[in-house]
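Visitor:
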Amino acid sequence: MDSFSLRALEGPRWSPGWFQAQSNRRFGTSFSPHLKDLKNVVGGATVAMQVGGDHYSLDYGRPTYFMAMDEFLFRNSVPTVLWGASVGPFDSDPVFAKKMFNHLRRFSAILVRERESLEYLQANGVADNVHLMADPAFLMKPSRPDADPLVAPGTIGINLSPMLAFYRGLKAADVDIGEWTRFCTGLVVEAASFGRPILLIPHVGSSDPGNDDFSLLEAVCSQVSGTVPVDVQVLPRGLNAPELKWVISQCAVFVGARTHSTIAALSSAVPTLSIGYSRKARGINLDLYGHLNHCLDVGDLDAATFSQKLDNLIVNEADVRSALETRIPALSQSALVAGTIVRRVAA
Numbered sequence: 003m004d005s006f007s008l009r010a011l012e013g014p015r016w017s018p019g020w021f022q023a024q025s026n027r028r029f030g031t032s033f034s035p036h037l038k039d040l041k042n043v044v045g046g047a048t049v050a051m052q053v054g055g056d057h058y059s060l061d062y063g064r065p066t067y068f069m070a071m072d073e074f075l076f077r078n079s080v081p082t083v084l085w086g087a088s089v090g091p092f093d094s095d096p097v098f099a100k101k102m103f104n105h106l107r108r109f110s111a112i113l114v115r116e117r118e119s120l121e122y123l124q125a126n127g128v129a130d131n132v133h134l135m136a137d138p139a140f141l142m143k144p145s146r147p148d149a150d151p152l153v154a155p156g157t158i159g160i161n162l163s164p165m166l167a168f169y170r171g172l173k174a175a176d177v178d179i180g181e182w183t184r185f186c187t188g189l190v191v192e193a194a195s196f197g198r199p200i201l202l203i204p205h206v207g208s209s210d211p212g213n214d215d216f217s218l219l220e221a222v223c224s225q226v227s228g229t230v231p232v233d234v235q236v237l238p239r240g241l242n243a244p245e246l247k248w249v250i251s252q253c254a255v256f257v258g259a260r261t262h263s264t265i266a267a268l269s270s271a272v273p274t275l276s277i278g279y280s281r282k283a284r285g286i287n288l289d290l291y292g293h294l295n296h297c298l299d300v301g302d303l304d305a306a307t308f309s310q311k312l313d314n315l316i317v318n319e320a321d322v323r324s325a326l327e328t329r330i331p332a333l334s335q336s337a338l339v340a341g342t343i344v345r346r347v348a349a
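Numbering (our numbering), first residue to last: 3 to 349.
(1) Mind pulling the beta strand (DSSP E) runs of 3 or more residues that sit fully within the region 45-113?
(2) Go through its chain and collect everything with a Cβ distance to V236's Cβ below 6 Å, but skip five positions before and after it.
(3) Just confirm the distance between the C-beta atoms of P350 and E245, as a whole number of angstroms; I'd bet it's less than 8 Å.
(4) If you draw a straight line from the C-alpha of S208 to the C-alpha of S217, how long is it?
(5) Going by DSSP in three states, I203 sits in which element: helix, strand or coil?
(6) With a threshold of 16 other CB atoms inside 10 Å of the CB of Q124, please say whether the residue is buried or exposed.
(7) So, at 6 Å on beta carbons, what are the nonlocal neighbours of N131 in its own chain, with the 5 sequence-adjacent residues on each side left out?
(8) Count the other CB atoms within 10 Å of the CB of P238; is the residue buried (16 or more) or exposed (fewer)?
(9) What first and last residue would you give for the beta strand (DSSP E) that runs through L298?
(10) To the nearest angstrom, report how far apart A10 and K100 are at their CA atoms.
(11) Could you give the uninterrupted runs of the beta strand (DSSP E) lying entirely in the region 116-156, keeping only those of 3 residues or more?
(12) Report the partner residues of T274 according to the DSSP bridge assignment.
(13) Compute the beta-carbon to beta-carbon distance between P138 and G86, rounded to the nearest angstrom, for a pair I have assumed lies under 8 Å.
(14) Check whether the Cβ atoms of S268 and L290 lie closer than 8 Å to each other.
(15) Report the option in V300, V53, K41 whose CA atom is closest to the CA atom of V80.
(16) Within 10 angstroms of its Cβ, does T52 collect 16 or more other Cβ (buried), or is it exposed?
(17) Hey, I330 and L298 are a contact pair by Cβ (cut 8 Å); roughly how many whole angstroms apart?
(18) Give me the residue from G54, A70, G212, G46 with the minimum Cα distance to R170.
(19) For G285, which residues in the same chain have their Cβ closer than 8 Å to its Cβ, ignoring the five residues on either side in sequence?
(20) What are the boundary residues of the beta strand (DSSP E) that N161 is part of?
(21) Leaving aside the five residues before and after S336 along the sequence, list all residues of the same chain whose C-beta is less than 6 Å from its C-beta, in chain order.
(22) Compute the Euclidean distance between the alpha carbons of V339 and T307, then round it to the nearest angstrom.
(23) Are the CB atoms of V232 and V49 nearer to each other than 8 Å?
(24) Could you tell me how far apart the beta carbons of V356 and V128 are, in whole angstroms, since I believe they sit closer than 8 Å?
(25) Alpha carbon to alpha carbon, how far is T229 from Y58? Give it in angstroms, no decimals.
(26) According to DSSP, is V43 part of a helix, a strand, or is it coil?
(27) Could you tell me whether the Cβ atoms of T183 and Q252 are closer together than 8 Å?
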């Protein structure tokens, strides 16, 4: 198998990385500067854990950076676990898929967070080291913020992300962010038609406007303010993950684009509509609901479909909450059991 630290990370022709890769191929070495720090800490490691969530997919391109890191750990005989991951699909890149499946077989354990990932790997000959677990975020305890945000009864919590724009073919240029802001404003206007208070809940902050929920939702709140017959607020900056989970848990229903915003809601038994762009949203919905009625692919996202899906969620709110309350304990237990597998690998 190719060493992924060489070819995939070498950079453009004549760049320093390219010269380094030529040297590695000529002399049979595997030097890679991005692994220098890892080399200093790996000695004596009991186990290494890859915790990226959805890095082992094609959602962000070929995951060669992480594969190079794995390769280094494998060569140094460090037991390596892929933890709480969504894996694949790689069908659109069959040459790479074959290399990836061979690579995945070398992990000491792979703990996937949806049955869809488990079955996909098994169907492609990666089975002996694969186990199913719930996302560890199911176990995170909510924490009430000191500055207690008032979540009115019946509130619809909404998380929208500029990341979704990328999966609809828009770029992070200002004009496209502006276009996406107007699109998201239209969705919030649709949500307001249900006559409930709305709380916009940013879940990821970034200096990159193409990845910053706060800038997007603050702009949406500004545009919609005073134009709809319900109260629309945006959650302020500064809350940590357990505090965000507490706020989300107080909502009557929730709509989320960021995976861990939806997990915060689902693990709190809040009826949730997931706006998904990858396997993880589908898989989590199938595992929790047993269907995709409350999952909306970003490619199908428009105001009418959004309104229809949200209406279905609200009409069935009590039944959905009851189903989640029944399902959550077993999922939470599966996240705990995953720890025993890691302990066994480390022994």
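Note that beta-carbon positions come from the ideal geometry of N, C-alpha and C, so glycine has one too.
Guide: Judging by the given coordinates:
(1) 50-52, 82-87
(2) L202, L219, E220, C223
(3) There is no way to answer for residue 350, as the model of the chain reaches only from 3 to 349.
(4) 9 Å
(5) coil
(6) exposed
(7) F109, A111, I112
(8) exposed
(9) 297-299
(10) For A10, the predicted structure reports a pLDDT of 44, less than 50, and the residue's modelled location is therefore unreliable. A value from the coordinates is still provided. Roughly 16 Å between the two C-alpha positions.
(11) 132-134
(12) F256
(13) 5 Å
(14) It should be pointed out that residue 268 corresponds to Leu in this sequence rather than to Ser. Taking 8 Å as the Cβ cut-off, L268 and L290 qualify as a contacting pair.
(15) K41
(16) In the sequence on display, residue 52 carries Gln and not Thr. The residue is buried, with at least 16 neighbouring Cβ atoms inside 10 Å.
(17) With a Cβ gap of about 22 Å, I330 and L298 do not count as contacting.
(18) G212
(19) S88, R115, E116, R117, E118, S119
(20) 158-161
(21) M135, A136
(22) 38 Å
(23) no
(24) With the chain represented from 3 up to 349, any question about residue 356 goes unanswered, as that position is not in the structure.
(25) 43 Å
(26) helix
(27) no
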